[in-house]
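Those protein sequence lines, which keep their order, are chains A, B, C, D, E, F, G, H, I and J.
Each residue of the first sequence is one higher than the one before, counting from 117 in our numbering.
Each residue of the second sequence is one higher than the one before, counting from 117 in our numbering.
Each residue of the third sequence is one higher than the one before, counting from 117 in our numbering.
Each residue of the fourth sequence is one higher than the one before, counting from 117 in our numbering.
Each residue of the fifth sequence is one higher than the one before, counting from 117 in our numbering.
Each residue of the sixth sequence is one higher than the one before, counting from 117 in our numbering.
Each residue of the seventh sequence is one higher than the one before, counting from 117 in our numbering.
Each residue of the eighth sequence is one higher than the one before, counting from 117 in our numbering.
Each residue of the ninth sequence is one higher than the one before, counting from 117 in our numbering.
Each residue of the tenth sequence is one higher than the one before, counting from 117 in our numbering.
Here is the structure we will look at.
There are 10 protein chains.
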Amino acid sequence: MPDASLLDCFENPNPARGYVIEHVSEEFTSVCPKTGHPDFGAVTVRFVPDKLCVELKSLKLYYQGFRNEGIFYEAVTNRIADDLQAAMAPRWLEVITDWKGRGGIRSRVRVEVGRRPADTP
Amino acid sequence: MPDASLLDCFENPNPARGYVIEHVSEEFTSVCPKTGHPDFGAVTVRFVPDKLCVELKSLKLYYQGFRNEGIFYEAVTNRIADDLQAAMAPRWLEVITDWKGRGGIRSRVRVEVGRRPADTP
Amino acid sequence: MPDASLLDCFENPNPARGYVIEHVSEEFTSVCPKTGHPDFGAVTVRFVPDKLCVELKSLKLYYQGFRNEGIFYEAVTNRIADDLQAAMAPRWLEVITDWKGRGGIRSRVRVEVGRRPADTP
Amino acid sequence: MPDASLLDCFENPNPARGYVIEHVSEEFTSVCPKTGHPDFGAVTVRFVPDKLCVELKSLKLYYQGFRNEGIFYEAVTNRIADDLQAAMAPRWLEVITDWKGRGGIRSRVRVEVGRRPADTP
Amino acid sequence: MPDASLLDCFENPNPARGYVIEHVSEEFTSVCPKTGHPDFGAVTVRFVPDKLCVELKSLKLYYQGFRNEGIFYEAVTNRIADDLQAAMAPRWLEVITDWKGRGGIRSRVRVEVGRRPADTP
Amino acid sequence: MPDASLLDCFENPNPARGYVIEHVSEEFTSVCPKTGHPDFGAVTVRFVPDKLCVELKSLKLYYQGFRNEGIFYEAVTNRIADDLQAAMAPRWLEVITDWKGRGGIRSRVRVEVGRRPADTP
Amino acid sequence: MPDASLLDCFENPNPARGYVIEHVSEEFTSVCPKTGHPDFGAVTVRFVPDKLCVELKSLKLYYQGFRNEGIFYEAVTNRIADDLQAAMAPRWLEVITDWKGRGGIRSRVRVEVGRRPADTP
Amino acid sequence: MPDASLLDCFENPNPARGYVIEHVSEEFTSVCPKTGHPDFGAVTVRFVPDKLCVELKSLKLYYQGFRNEGIFYEAVTNRIADDLQAAMAPRWLEVITDWKGRGGIRSRVRVEVGRRPADTP
Amino acid sequence: MPDASLLDCFENPNPARGYVIEHVSEEFTSVCPKTGHPDFGAVTVRFVPDKLCVELKSLKLYYQGFRNEGIFYEAVTNRIADDLQAAMAPRWLEVITDWKGRGGIRSRVRVEVGRRPADTP
Amino acid sequence: MPDASLLDCFENPNPARGYVIEHVSEEFTSVCPKTGHPDFGAVTVRFVPDKLCVELKSLKLYYQGFRNEGIFYEAVTNRIADDLQAAMAPRWLEVITDWKGRGGIRSRVRVEVGRRPADTP
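As structure tokens, this is what we get:
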């Protein structure tokens, strides 16, 4: 089960400067709560850190907690956003999930928290 | 014949947050009403849900209703937009159809309903 | 010779809604008036229809009229824009021509008529 | 229902020479006999003609006969091979079908009749 | 745990003809027995059927049995080959696994059983 | 009308050595003799010269002769092969034409004259 | 040596309309003034013409003047911008040079003169 | 160890004009301070020069100083930005680092100093 | 300095079967013995194991030994082949190095030991 | 003028082993002897060294000798082959030149000296 307490943070080395960090995992998997079949996707996280930055290995372990969890696309995306928001309290946070096709339809869910910095494509 | 009543919705798990959902089907086909030959295309749907989200399998079945329907590109696109608007009443909705070439010309039709959220490319 | 009277239109099925239609032909050819050698290019047409939409087969036949016409890149692009403007009177119109290289230089000409709708990339 | 009698042939313009013709259709659809859902794929046909060549428009109409037919991948491929063999009696024939993913698995079936000409990749 | 008895087969519709079937799954995951971290890869299966063909949905379920199994790349590949060989007894069988990078190194393992048909790239 | 006498040749600078020359034109167009609509394609010519090599500008002018000629794919390919064979008498010659899609089907025709040199892919 | 007097212009066929012309040359070379080794790059020119448009063949000859000139990336880009500005006096002008890697670093320089037209990506 | 004094600058040849210079190095490596294993990435630097431009060979030597340095992604990016800011005092500066995957997660860090010029994507 | 004793092997799980293993590292770097500047490349290793298979993490550590070693492309490739041959004694071994461009020239070196298995591309 | 005496060689570090070296330069330019306009191309050299290997920097300087030389594609390719053959006396040598389009036609010339090693694609 995904466990937000796994998320470790380290101190932002440059809190005076508003800069953007992005982590992309193309090895995410969870389970469809309706069919019980696995879902495969990619998770992109972007944020402007305030006092804290999420540590990479802890992020990977946190993602692994979804591996056998029955959970919908929308819930995965909102949950990751909520957990990272709680762990880091960044100035801005964006979570995007891209899911491989099911029944010929592929999906993307995008959640944003806080005000997007100018010039961020 | 396309049947809007096939569209099932589930409750938006996070109605307080304005976030974006996208579903892309590259396996859409209908029939050209002029020539009777099949048309092949891709349908992209993007929306900010309000109270409801369209369920994926029901969307697939709804699309299959166009399979033997004689209908123009423009009408397909507007109809899907109208049917999804009626089913979900989202805060914002965009429907894009991309059609394979006919006579050396390939086409795209884009319909938008409501105000596009900032930062949505 | 290109003949604007070949352009047939049909009634916009949804004139109340401002939506975008795009037609791309990668099989366009005309003749360089200076050298007499053929030019090859792609023509992209985008518009927000008002009362009328151009019919695809008539657009193809209209393009074929340029096949043996000696005419410069800039004139081709402006002429297609003028002819489509006259035929459809759309709310907005964009014509882009992309020409294969001549002497190691490839070219693009872009003409726009009316105000571009927001969010149109 | 697919109807082999739709296949028209014309006389090979150069029967003395062993040369290769290939036709690729990326707009093929049939129906899964188990689930009733549509399958989408591409069909590639390659052959060395003997006395006859299949006519392109008749090939397209023949393919359209599979549109609402419940039939497995393997059977589609063998049937197209048998019908083209019967219609053209080519010196060599290859039929390849490439199917979009189902349940995360995409498939290809390849049938060959007669001896492949040297140097045909 | 992977369970070979999940593999269902159906009768080869054309046993007189030697033809090639390929199934590619890009949604395969198992667990590294050394680190306990998940591995992600793609599995490609190619075969010339004799009397039997493996059924697609059963193949998918069989693959899902590796999801929480600690097993090396080489063992995954040999095991799939052995289980499919036992289930179908094909005239020729090839199993290729492509694994996403670990420590900056990505790997591929290829096992072949029986004599490869001529002209199979 | 295509005119083989336009093909100029120059002396092979190294007739003692068997080497390969390839010319690719992606700007070829002719006319379908059935529908009167233009066809667009690419022509690839490969050969091992004997005493003569075709001159590039003359090849281009020769191709332009097909521009308004009603002629089938198969005939275009065989005719170019015959005309180049007559003009250059190369040790080996291959002509491949790749045609843009018509009715959702794209085609390729490949003609070879003489024995292909080893190691020529 | 680059010679701005080589730049020929012709009259803008549609001076009443603000439209965009782009010419891309991927065959540009000059010489590094420090090492004496050749530099290779691509030059992209975009402009909204006022009374004049640069003629393509004269642009090509003008570029050839840089072939044996020792000159830095930044100077090449500013000089082309200055020379085209002097020759055409366009309403807007953009010159971009993209240089192949030197010492593992590839570079781009972008100069803009006048106000960029809206909607020009 | 990275040594900012290695950064040589030359005089901006056109200080009156605000133009953009970009240097991309895809051959950057440093060492992870936690694991001691090497990190590989690409560094993109974009700036509007004021009085000075960084010289390319000195930039390359400066980058090589990170080769055996244990330093986090975020610190690399901020340090390069600080060192270039100190060396050139540009009107605007952007530094982007793109890191190859570790544990299935690839990262990007983007730092910006000063006001981004309009129309810079 | 590269240290062959770092290479750990494990027992081939299926020595009776001749199968192919491939490991690709795109994060290889050494130093040019002439200029002292770093070289960057990719190393591909393919082999048919006999009794032993090289362990992935040990291979990565062995590669890291080249990081500060002054050594030519040809010597790197032959040395890796010799060291792996000594460590595993495989039935067949191929080592390919692909080097990023220097002075506008990029290079590849390919060493093969033993007889390549049939059907290995 | 190209000067074969610029080609420096070093001793093959492993003359007992038949292995393949490849050098690709995408920055080659010469001059068309007919029109006086520059030609741009890529040169690929592959060889199995015997006693000597060509040194990279000398190869680059040798290529630069063609910069202002009026010479046909076929002659460039044969000359590079002859000069490298004379300089290195390799066991096998292949030279391929790929030329950017002229008049819509792009060309490739391939010369081979000696017997191609097995398994060299």
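Just so it is clear, CB atoms sit at the ideal spot from N, CA and C, and this is done for glycine as well.
Does any C-beta atom of chain G lie closer than 9 Å to the C-beta of Ile221(C)?
yes
Which residue from Asp166(B), Thr151(B), Val147(B) puts its Cα closest to that of Gly157(B)?
Cα-wise, what sits closest to Gly157(B) is Val147(B).
Looking only at its chain, what residues have a beta carbon closer than 8 Å to the beta carbon of Leu172(A), apart from the 5 residues adjacent to it on each side?
His139
Cβ pair count under 8 Å reaching 3, the region 190-198 of chain B against the region 186-194 of chain D:
no
Could you spell out where the alpha helix (DSSP H) holding Lys176(A) opens and where it closes?
172-180
Along the chain, where does the alpha helix (DSSP H) containing Glu190(H) start, and where does it finish?
189-204
So for Ala158(G), helix, strand or coil by DSSP?
strand
Identify the contact partners of Ala191(C) in chain G, using a Cβ-Cβ distance below 9 Å as the criterion.
Pro129, Asn130
Residues that Arg207(H) contacts on chain A, provided the C-beta gap is smaller than 8 Å
Those within 8 Å of Arg207(H) in chain A number zero; the least Cβ separation is about 15 Å.
Can the beta-carbon of Tyr135(A) be found less than 9 Å from the beta-carbon of Val164(A)?
yes
Reduced DSSP secondary structure (H/G/I, E/B, other) of Leu168(E):
strand
Does Arg162(D) have its Cβ less than 9 Å from a Cβ in chain E?
no
Backbone CA spacing between Ala205(G) and Lys167(G) [nearest angstrom]
8 Å
What residues in the region 161-183 of chain G have a beta carbon less than 7 Å from any beta carbon of chain C?
Taking 7 Å as the Cβ-Cβ cut-off, the region 161-183 of chain G approaches chain C at Cys169, Leu172, Lys173, Leu175, Lys176, given in chain order.
Let me check understanding here. Comparing Cα to Cα, which of Gly220(B), Gly152(B), Phe144(B) lies closest to Thr160(B)?
Phe144(B)
For the candidate residues Gly152(C), Val170(C), Asn184(C), whose alpha-carbon lies nearest to that of Asn128(C)?
Looking at the Cα atoms, Val170(C) is the closest of the given residues.
Looking at the structure shown, is Leu209(D) part of a helix, part of a strand, or coil, going by DSSP?
strand
Would you call Lys150(B) buried or exposed, if buried means 16 or more other Cβ atoms sit within 10 Å of its Cβ?
exposed
9 Å is my cut-off, CB to CB: does Thr145(H) come that close to chain I?
yes
Minimum C-alpha distance to Val211(C) - residue among Gly220(C), Ala202(C), Glu228(C):
Glu228(C)
Give a yes or no on whether the C-beta atoms belonging to Glu142(H) and Lys216(I) are separated by under 9 Å.
yes
So what does Asp214(J) bridge to, in DSSP terms?
Ala158(J), Arg224(J)
Check the Cβ-Cβ distances between His153(H) and every residue of chain I, and say whether any is below 9 Å.
His153(H) counts as touching chain I.
Residue-chain proximity (Glu228(G), chain C), Cβ-Cβ < 9 Å
no
Whose Cβ in chain I lies nearer than 8 Å to the Cβ of Val225(E)?
Tyr135, Val136, Ile137, Glu138
Please report the distance separating the alpha-carbon of Leu122(H) from that of Tyr178(H).
Rounded to the nearest whole angstrom, the CA to CA distance from Leu122(H) to Tyr178(H) is 6 Å.
What residues of chain C sit near Ser141(G), judged by a beta carbon separation below 7 Å?
Gly220, Ile221
I need the straight-line Cα distance from Ala202(J) to Ala132(J), nearest angstrom please.
21 Å
Using 10 angstroms around the beta-carbon of Glu220(J), count the other beta-carbons present and answer buried if the total reaches 16, otherwise exposed.
Here residue 220(J) is Gly; the residue named in the question, Glu, does not match the sequence. By the neighbour-count rule (16 or more Cβ atoms within 10 Å), Gly220(J) is buried.
Arg231(F) vs Trp208(F) beta-carbon contact at 9 Å
yes
Which one or two residues does DSSP pair with Cys125(E) in a beta bridge?
Val170(E)
Are any of the Cβ atoms in chain A nearer than 9 Å to that of Phe156(D)?
yes
Sort out for me which residues DSSP pairs Thr145(F) with in a bridge.
Phe156(F)
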